[in-house]
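As structure tokens, the structure follows; a few thoughts come after it.
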Amino acid sequence: MTTMKRAFFHGLVSMVAVMVLALFMTPFALAAGFKREYKLQVNVGPSFYWGIGATKFADLVREKTDGQINIKPYFGSALLKGAQLKSAQMVAKGVIDCAYESTINISPVIPEANIFHLPFFINTFENLDKMKAGQSGQAVFAAMRKIGLQPLAWAENGFRQVTNSKHPIGKPADLKGLRIRVVGNPMFMDTFRQLGADPVNMNWGDAQTAFQQGVVDGQENPVGVLIPVQIHQYHRYATMWNYLVDPLVIYWNQKQWKAFPSDIRQAIQEAAQTSGRFEIALCRAGLDGNTSLDILKNEFNHTMEVPDPVQFMESKGMTVSFLSTDQVKAFADATAPVLKKWARKLGTDLVDKARADMGR
16 MTTMKRAFFH
26 GLVSMVAVMV
36 LALFMTPFAL
46 AAGFKREYKL
56 QVNVGPSFYW
66 GIGATKFADL
76 VREKTDGQIN
86 IKPYFGSALL
96 KGAQLKSAQM
106 VAKGVIDCAY
116 ESTINISPVI
126 PEANIFHLPF
136 FINTFENLDK
146 MKAGQSGQAV
156 FAAMRKIGLQ
166 PLAWAENGFR
176 QVTNSKHPIG
186 KPADLKGLRI
196 RVVGNPMFMD
206 TFRQLGADPV
216 NMNWGDAQTA
226 FQQGVVDGQE
236 NPVGVLIPVQ
246 IHQYHRYATM
256 WNYLVDPLVI
266 YWNQKQWKAF
276 PSDIRQAIQE
286 AAQTSGRFEI
296 ALCRAGLDGN
306 TSLDILKNEF
316 NHTMEVPDPV
326 QFMESKGMTV
336 SFLSTDQVKA
346 FADATAPVLK
356 KWARKLGTDL
366 VDKARADMGR
């Protein structure tokens, strides 16, 4: 055998060996017809409680499916290039596999999700839990199924609070004339206009610059956002008023979901529910007594870096105000026209279901 032939023969043997080795090394997941990677849309970064919950979901799915289903979270709406309001459409079309998403971001496609955004309507964790588990929560899930989404579990971003650089907010008049950065949901805009503020919708990067320049006076977000973005760098005053809430939904492309074997569906479902419970506890830690702190410690062996967010903000020089029942009522009365307007848009049936869920 000539040198050239020997080289060719050895090269051919090596190539075949590599191909055979690759065949035996192919994960069972691929052999079973599963994708190498399932893309998970996440609006925020990995350090936010929301992002931590999404990472937990991916880890649990990998564990519970013995590595057959591997989810990769894409943080900061990277799959959508920042167009976070399109997540529901992209998952429904199968362009994205699944999402750990806010009701705010799905509300343009699932208007029923706005039931959680009615101003001063829910107010407490107890009411929120009743709605998620009740008729109104099921109505949101049913609307998602109609457009090709498979809802798996609830998670949470939290009740949204307001912060500003000017003065404490204890009554509706205190908001008059304040320029407030607000999520671009029309219900949010209506609420702040009704209170006499000047709401402005801008991305977070622009908002930070606007805070520093004094062009924008305040913003609204849950505590789980206020801590990682270090809101104390921009604002001195925080008002804990629970004016509306921002639940999260973990969901999957419905067609893809139905094609999974039943054991895989069950494993993913369990992972979603467990990660949702973990993430909800992260968001509520320090805000519901010891309840969520105990869940994190006893069920997840997790210790919060900031176990008392209010004390943390105060330690950074912020004045944190909690509204009394009468003060909350004053804000509710002032925004009643907004609630009435949006209740009509959402439908009296859905609003009645929510009221029934809360025992009203």
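If you count the sequence shown from 1, position 293 lands on 308 in our numbering, and the numbers rise without skipping.
No residue lacks a Cβ here, since even glycine has one placed at the ideal position from N, Cα and C.
Quick caveat: nothing in here was measured; it's all calculated off a predicted structure.
Within the same chain, ASN58, ASN172, ASP261, LEU263 come within 7 Å of SER117 by CB-CB distance, once the 5 residues on both sides are set aside. Assignment of ALA98 by DSSP, reduced to helix, strand and coil, places it in the coil class.
Residue environment analysis places SER92 among the buried positions, since at least 16 neighbouring C-beta atoms fall within 10 angstroms of its C-beta.
With a 10 Å radius around the Cβ and a threshold of 16 neighbouring Cβ atoms, HIS182 comes out exposed. The continuous stretches of beta strand (DSSP E) do not include ARG375, and DSSP gives it neither H nor E. CA-to-CA, the gap between LEU259 and PRO276 works out to about 38 Å. For LEU193, the closest alpha carbon among the candidates MET202, PRO201, GLU314, THR178 is that of THR178. By the Cβ rule, the stretch 228–236 does not count as touching the stretch 138–149, because fewer than three pairs are nearer than 8 Å.
When only Cα atoms are considered, THR306 and PHE90 end up about 29 Å apart.
ALA253 and ASP323 have their C-alpha atoms spaced approximately 15 Å apart.
The three-state secondary structure of GLY66, taken from DSSP, is helix.
The shortest C-alpha to C-alpha distance from LYS360 to any of ASN218, LYS270, LEU55, ILE125 is the one to ILE125. LYS54 and GLN281 have their C-alpha atoms some 19 Å from each other. In the DSSP assignment, VAL264 is bridged to GLU116, TRP169.
Non-local C-beta neighbours of THR334 in its own chain, meaning closer than 8 Å and more than five positions away in sequence, comprise PRO183, ARG251, TYR252, ALA253, ordered along the chain. Counting only runs of 4 or more residues that sit fully inside the stretch 274–315, the alpha helix (DSSP H) segments are 277–299, 306–315, in chain order.
Between the C-alpha atoms of LYS331 and HIS247 there is a straight-line separation of about 6 Å. Nearest to TYR249 by C-alpha distance, out of ARG196, PHE131, ILE295, is ARG196. Judged by beta-carbon spacing, ILE130 lies within the 7 Å limit of ALA369, meaning their Cβ atoms are closer than that value. A Cβ-Cβ separation of about 6 Å places SER180 in contact with ASP232 under the 8 Å criterion.
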